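Numbering (the working numbering), first residue to last: 1360 to 1641.
Yeah, the Cβ is synthetic: ideal placement off N, Cα and C, and Gly gets one too.
Owing to the predicted nature of the structure, the values given are computational and were not obtained by experimental measurement.
A short write-up of the structure that comes next.
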Ligand code: AMP
């Protein structure tokens, strides 16, 4: 059954709507919602608290040449999708509301975590993410915040920020929701042409292969290179495809790799003008 859902655009209105005794469970998004986002909202619902979903395309986390301008903005459709998931409030500020003046105070995450992988190819990305997440947390004051493991490094960075600043929020990471054929759901999948959509499966396939060979005694460095070259050979622009420790996203030692250290195969690659990321735990 459809729930009463309020669409709120200002911080003042949000604060007064959340004035009750229970701090909310919160799902931050950039919109163009799909089942992956809705799974986070359903998880948020389980906590017996008001549920807030934010929809805000955060300019601070895009480089000048990236897709900020063409990022899909589908607020009316997103609100309809959220009805019936148990979401109570949609917070959809415009830029002038969240950044009424240039956001010159920023959260600088540690380079060891934030300048590798995504951060190497998108410099400043995690500063933009941390800054908006902290600001949204200040607006929403959540007791629980739900993120997707699809953005594996982002989840790590947000966890670390919450811990280091003693933020009174429990950060929860949810599994990646995939299309029936295995492609991780993403707002950016809509950019893909029909041919690219078919070829997009090569990224999760490469990651599954790397994850499947993670414990091979011979090592994975040659396979990482082979898979990267394989994607490049099919016309992709691969950024990275690599096996890391889950706990800090650093490369595992041989002893860790063979000794059962929890690992994750992470990859990012451009297909045409679309950049896809994915990961497989192993
Ligand atoms: P975005 O709107 O892309 O910024 O994503 C908002 C939140 O949804 C982030 O915590 C993402 O990790 C999460 N998310 C995006 N895609 C998926 C997916 N396919 N499965 C699970 N969570 C996802």
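Residue 1603: which of 1564, 1492 and 1515 sits nearest, CA to CA?
-> 1515
Taking DSSP as the reference, what is the three-state secondary structure of residue 1369?
-> coil
Cβ atoms of residue 1533 and residue 1567: under 8 Å apart, would you say?
-> no
Report the rounded CA-to-CA distance for residue 1597 versus residue 1581, giving the unit in angstroms.
-> 16 Å
Please classify residue 1622: does DSSP put it in a helix, a strand, or coil?
-> strand
Consider the Cβ of residue 1592: report whether some Cβ of chain B lies at a distance smaller than 8 Å.
-> Annotation note: the requested chain B is absent from the structure, which comprises a single protein chain.
N-terminal and C-terminal residue of the alpha helix (DSSP H) that residue 1480 is part of = 1477 to 1480
Nearest CA to the CA of residue 1500: which residue from 1395, 1624 and 1450?
-> 1450
In three-state DSSP terms, what is residue 1563?
-> helix
In this structure, does DSSP put residue 1444 in helix, strand or coil?
-> coil
Distance, Cα to Cα, residue 1505 vs residue 1384?
-> 8 Å
Indicate whether the contact test is met: 3 or more Cβ pairs, each with one atom in the stretch 1622 to 1634 and one in the stretch 1551 to 1564, closer than 8 Å.
-> yes
Does DSSP classify residue 1637 as helix, strand or coil?
-> strand
Comparing alpha-carbon positions, which option in 1401, 1483 and 1621 lies nearest residue 1465?
-> 1483
From the DSSP output, read off the bridge partner residues of residue 1603.
-> 1623
Regarding residue 1518 and the ligand AMP, is the C-beta to nearest heavy atom distance less than 7 Å?
-> no
Any non-hydrogen atom of the ligand AMP within 7 Å of residue 1396 CB = yes
Does the ligand AMP have a heavy atom nearer than 7 Å to the CB of residue 1506?
-> yes
Looking at C-beta atoms only, is the number of pairs between the stretch 1576 to 1590 and the stretch 1478 to 1498 that lie closer than 8 Å three or more?
-> no
Reduced DSSP secondary structure (H/G/I, E/B, other) of residue 1520 | helix
Could you name the residues that DSSP lists as bridge partners for residue 1413?
-> 1387 and 1450
Can you find a heavy atom of the ligand AMP that lies under 7 Å from the Cβ of residue 1536?
-> yes
Reducing DSSP to helix, strand and coil, say where residue 1361 ends up.
-> For residue 1361, the predicted model reports a pLDDT of 46, less than 50, meaning its position is unreliable; a value from the coordinates is still stated below. Correct three-state label for residue 1361: coil.
What residue from 1411, 1593, 1600 and 1572 has the CA that sits closest to residue 1372's CA?
-> 1411
For residue 1469 and residue 1390, the rounded distance between their alpha carbons | 28 Å
Quick one: does the C-beta of residue 1509 sit closer than 7 Å to a heavy atom of the ligand AMP?
-> yes
To the nearest whole angstrom, what separates the beta carbons of residue 1492 and residue 1387, a pair I think is in contact under 8 Å?
-> 6 Å
Examine the ligand AMP and report whether any of its heavy atoms sits within less than 7 Å of the Cβ of residue 1387.
-> yes
Chain-order list of residues whose beta-carbon lies under 7 Å from that of residue 1488 (same chain, five-residue window excluded) = 1420, 1513 and 1516
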